[in-house]
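Participant:
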Amino acid sequence: MAFEQKAIQYLREVETWLRDVELFLYSRNEDIDQDVIEKIKLVRKDVQHCLAEESITEPTLIELQRTVRDIDHRIDDNRQVRVYGAVPIGKHQLPPLPYKYNALEPYIREDIMRLHYTKHHQSYVDGLNKAEMKMQEARQHNDYELIKHWEREAAFNGAGHYLHCIFWEVMNPNGGGNPKGDLLAQIEHDFGSYELFQAHFTEAAKKVEGVGWAILVWSPRSWKLEILQAERHQLLTQWDVIPLLVLDVWEHAYYLQYKNDRGKYVDQWWNIVYWPNVEKRFMTAKRVKWQPY
Numbered sequence: 085m086a087f088e089q090k091a092i093q094y095l096r097e098v099e100t101w102l103r104d105v106e107l108f109l110y111s112r113n114e115d116i117d118q119d120v121i122e123k124i125k126l127v128r129k130d131v132q133h134c135l136a137e138e139s140i141t142e143p144t145l146i147e148l149q150r151t152v153r154d155i156d157h158r159i160d161d162n163r164q165v166r167v168y169g170a171v172p173i174g175k176h177q178l179p180p181l182p183y184k185y186n187a188l189e190p191y192i193r194e195d196i197m198r199l200h201y202t203k204h205h206q207s208y209v210d211g212l213n214k215a216e217m218k219m220q221e222a223r224q225h226n227d228y229e230l231i232k233h234w235e236r237e238a239a240f241n242g243a244g245h246y247l248h249c250i251f252w253e254v255m256n257p258n259g260g261g262n263p264k265g266d267l268l269a270q271i272e273h274d275f276g277s278y279e280l281f282q283a284h285f286t287e288a289a290k291k292v293e294g295v296g297w298a299i300l301v302w303s304p305r306s307w308k309l310e311i312l313q314a315e316r317h318q319l320l321t322q323w324d325v326i327p328l329l330v331l332d333v334w335e336h337a338y339y340l341q342y343k344n345d346r347g348k349y350v351d352q353w354w355n356i357v358y359w360p361n362v363e364k365r366f367m368t369a370k371r372v373k374w375q376p377y
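In my numbering, the protein residues as written are 85 to 377.
Pasting the structure below:
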């Protein structure tokens, strides 16, 4: 097919897409991004002119493609904000616990779940919010004397908050057993077998120096699963990876029930791992691909 024919076909598809997008935006009850609407109207007018002339140059077509991608990204960004809601500075909140405090008994007792969730996780939320507000003040007043302190606070409390958000979701009273499907296949590929993975993860959790986490991550850079240890929250971690399964081995997560026997706590924890949530995270993470270096 000649360039002109392909270009005209593309223009027709773009014109239809722009019309549908415009109608969709007007059908929403939320506030409409007028800048996007105006841009769509201008582009539609240009496309309709090219279709009437049945002619478009290659540079114009390339510029049109850039504009269409920009509109698509702006719509997607707005859609994500509407669906998920951007967190304002200093306004982080505890996520809802997906089960009752006693739902994970006998593996994790009700009193420790209540303390862990309402006190410890809440302290990370409060610390993150305070750090964000202090850093906002630093920007507003151009006063960065304490920025190192507040950056450390944001890293520590932010990591604690986000990891706990995952932690609550990867446990469930209906958990236990083995993973299935693509997640199991990837585990077998990267670790040799599920049993070898479980042994590796268990020993990594038991041997975290001091307090911290064991974390199964998906690495978009190397396109494989990895097991990491994190001392505290933010130490010994790697950037550019995506947490999939996390285990809190801070003492507050188990000490009231298991005393100093972290190993028993780790062994029993496998009975409440909720693999469907882990697989959901895995399938989402697999969409991310970086060039390997």
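Glycine included, each C-beta is placed from N, C-alpha and C at the ideal position.
Would you identify the three-state DSSP class for ASN113, choosing helix, strand or coil?
Facilitator: Unreliable placement is indicated for ASN113, whose pLDDT of 49 sits below 50; the coordinate value is still reported in the next sentence. Three-state DSSP puts ASN113 in coil, outside helix and strand.
Participant: Would the beta-carbon of ILE299 fall within 8 angstroms of that of VAL330?
Facilitator: A contact, by the Cβ cut-off of 8 angstroms.
Participant: With VAL350 as the anchor, note down where its alpha helix (DSSP H) starts and where it stops.
Facilitator: That run of the alpha helix (DSSP H) goes 346-353.
Participant: Checking 8 angstroms against the spacing of the C-beta atoms, do GLU216 and GLY244 come in under that value?
Facilitator: Going by C-beta atoms, GLU216 is not nearer than 8 angstroms to GLY244.
Participant: Report the option in GLU335, GLN352, LEU102, ILE231 whose CA atom is closest to the CA atom of ARG153.
Facilitator: For the residues GLU335, GLN352, LEU102, ILE231, the minimum Cα distance to ARG153 belongs to LEU102.
Participant: Alpha carbon to alpha carbon, how far is HIS133 from LYS370?
Facilitator: Approximately 41 angstroms, taken between the alpha carbons.
Participant: For LYS308, list the residues DSSP reports as bridge partners.
Facilitator: Per DSSP, SER303.
Participant: Once you ignore the five residues that flank GLY242 on each side, which residues in its own chain have a CB closer than 6 angstroms to its CB?
Facilitator: Within the same chain, GLY242 has close Cβ partners LEU212.
Participant: Going by the CB atoms, is the gap between TRP297 and VAL254 shorter than 8 angstroms?
Facilitator: It is not a contact, given that the beta carbons lie outside the stated cut-off.
Participant: Across which residues does DSSP place GLY296 in a beta bridge pair?
Facilitator: DSSP lists GLU315 as partners of GLY296.
Participant: I think TRP354 touches PRO263, with their Cβ atoms under 8 angstroms apart; what is that distance to the nearest whole Å?
Facilitator: That belief does not hold up - the Cβ atoms of TRP354 and PRO263 are roughly 11 angstroms apart, past 8 angstroms.
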